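I have placed the structure first, in the form of structure tokens, so that the comments after it can refer back to it.
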């Protein structure tokens, strides 16, 4: 039985509940009173094309935007897993039944997913080595402006994807259920294909081949069932579209430096090569990192491993979208209050500045992500955010090295 909470713990719990309720109410209000970004328009056009021309046409052609002056065209391929076609239709049914638009239900889904992530992180932190003031970190997570903007305003499914990844870790670390954990990861893959970056660490963390097989079967089954019937009809087209997509290059981190140096006599060849192979470099680094974390028998907690993996990926990735910052929000809390505040402050300042530019200033209603280019100020603050990700990544590496050293010392003492 769990010990009863003392007065301070009860106060902290009520503070966390109040923060989560306030954040959910704020996100819901934003979703009710704003339009969001071009991603909302993309989802609406995706649904229209799905209903009129079918899934194959949507995967093959995507949709096309024309800039307000008619000078530029921007193709938006449908790169989501087939399950999202069913999700689109479900949101449309809710919109027809309630009179509230699809964009509201899309963003409400992400807002509720944030609550799920918060509850799961709170439970997972109980099994980690004690951190100072974990309650304050959870309150900061609940109120994080990155989550408020991306879940309540932006209009994409990244928070939902991450909630299912955290759920998978929870089932594995807290419940020891390979089937439930694999099913949750399969659902994360049904939202976006990005969770493949976590799979090497998860599989290497599992104790044996039987557990890995159960996890993989459960994950593949849920992904396959969620993809029906579209994956059977157009498997090659869907796989090619999902796996061939790359985010915008040149906005973030190394890719920004690559664009700046592409005409350099000394560095031009390297920057051009990074544009082509940067994604594969990031994936190879994640694989090597996952192997290193699970090299010893006494492995670091999986929640910490997955946090290190996603911070490594966002540091190295050549392609970037603002909504990707939502991937990082739950994991950093495991490092304690100061790394959490470091990342939250830097990323929130970056997000608020960029979205304010895209919206043309306050009050926000609609953000033109496609045809409002970043200015120098946006790029500089983006570099600050990128450096904060590097700082958190280095803290992860330090914690992992300490864990491995302590495990080795304990093993030596046990052997003696």
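In this note's numbering, the protein residues as written are 4 to 419.
Cβ coordinates follow ideal geometry from the N, Cα and C atoms, glycine included.
All values reported here derive from a predicted model rather than from experimental measurement.
Practice task
With DSSP as the reference, please indicate the residues paired to residue 40 in a beta bridge.
Solution key: 370
Handout entry: Through-space distance from residue 153 to residue 367, alpha-carbon basis
Key = 13 Å
Handout entry: Helix, strand or coil at residue 47 [DSSP, three-state]
Key = helix
Handout entry: Option nearest residue 283 by Cα separation, candidates 186, 296, 246 and 255
Key = 246
Handout entry: Close beta carbons around residue 352, own chain, < 7 Å, minus the five adjacent residues each side
Key = 384
Exercise for the section: Evaluate residue 280 with the Cβ neighbour count: other Cβ atoms within 10 Å of its Cβ, from every protein chain shown; 16 or more gives buried, anything less gives exposed. Expected result: exposed
Practice task
Confirm, please, whether the CB-CB distance from residue 248 to residue 88 is below 8 Å.
Solution key: no
Problem - Range covered by the beta strand (DSSP E) that runs through residue 326 - result: Per DSSP, residue 326 belongs to no beta strand (DSSP E) and is neither H nor E.
Problem - When 33, 290, 221 and 66 are compared against residue 46, the one with the closest alpha-carbon - result: 66
Handout entry: Backbone CA spacing between residue 365 and residue 37 [nearest angstrom]
Key = 12 Å
Handout entry: Of the residues 76, 185 and 252, the one placed nearest residue 217, counting alpha carbons only
Key = 185
Practice task
Identify the continuous alpha helix (DSSP H) that holds residue 308 and give its terminal residues.
Solution key: 305-319
Practice task
Using DSSP bridges, identify the partner residues of residue 251.
Solution key: 323
Practice task
Could you name the residues of the same chain whose beta carbon sits closer than 7 Å to that of residue 209, not counting the 5 residues immediately before and after it, in chain order?
Solution key: 215 and 218
Practice task
For residue 78, write down the residues that DSSP places opposite it in a beta bridge.
Solution key: 67
Problem - Cβ-Cβ distance between residue 123 and residue 175 below 8 Å - result: no
Practice task
Under 7 Å Cβ to Cβ from residue 201, same chain only, skipping five residues before and after it: list those, please.
Solution key: 168, 309 and 312
Handout entry: Spatial neighbours of residue 378 in its chain, beta-carbon cut-off 8 Å, leaving aside the 5 residues before and after
Key = 360
Handout entry: contact_flag[the stretch 292-308, the stretch 87-101] where n(CB pairs < 8 Å) is 3 or more
Key = no
Practice task
With DSSP collapsed to three states, give me the class of residue 150.
Solution key: helix
Exercise for the section: Please classify residue 56: does DSSP put it in a helix, a strand, or coil? Expected result: helix
Practice task
For my contact list, residue 335 and residue 395 are in at a C-beta cut-off of 8 Å; report their separation, rounded to the angstrom.
Solution key: 6 Å
Problem - Short Cβ contact (8 Å threshold) for residue 157 with residue 276 - result: no
Exercise for the section: Report yes if the C-beta distance between residue 131 and residue 173 is below 8 Å; otherwise report no. Expected result: no
Exercise for the section: Decide yes or no for the touch test of the stretch 188-202 against the stretch 77-85: beta carbon pairs closer than 8 Å, at least 3 of them. Expected result: yes
Problem - residue 332 - DSSP class collapsed to helix/strand/coil - result: coil
Exercise for the section: Put residue 184 into one of helix, strand or coil per three-state DSSP. Expected result: helix
Problem - alpha helix (DSSP H) segment containing residue 378, residue limits - result: No alpha helix (DSSP H) holds residue 378; DSSP gives it neither H nor E.
Handout entry: Cα-Cα separation, residue 160 to residue 178
Key = 26 Å
Exercise for the section: Could you say if the stretch 21-40 and the stretch 100-112 meet the contact criterion of at least three C-beta pairs nearer than 8 Å? Expected result: yes
Handout entry: Limits of the unbroken alpha helix (DSSP H) element including residue 166
Key = 161-173
Practice task
Return the CA-CA distance between residue 347 and residue 138, expressed in angstroms with no decimal places.
Solution key: 15 Å
Practice task
Determine the direct distance from the alpha carbon of residue 64 to that of residue 147, and round the result to whole angstroms.
Solution key: 37 Å
Exercise for the section: Can you tell me the Cβ-Cβ gap for residue 68 and residue 79, rounded? I've got them flagged as a contact below 8 Å. Expected result: 7 Å
Exercise for the section: Report the residue from 213, 229 and 181 whose alpha carbon sits nearest the alpha carbon of residue 421. Expected result: Missing from the structure shown is residue 421; the chain here goes from 4 to 419 and no further.
Practice task
Determine the extent of the alpha helix (DSSP H) in which residue 176 is found, giving its start and end residues.
Solution key: That residue, residue 176, is in no alpha helix (DSSP H); it is neither H nor E in DSSP.
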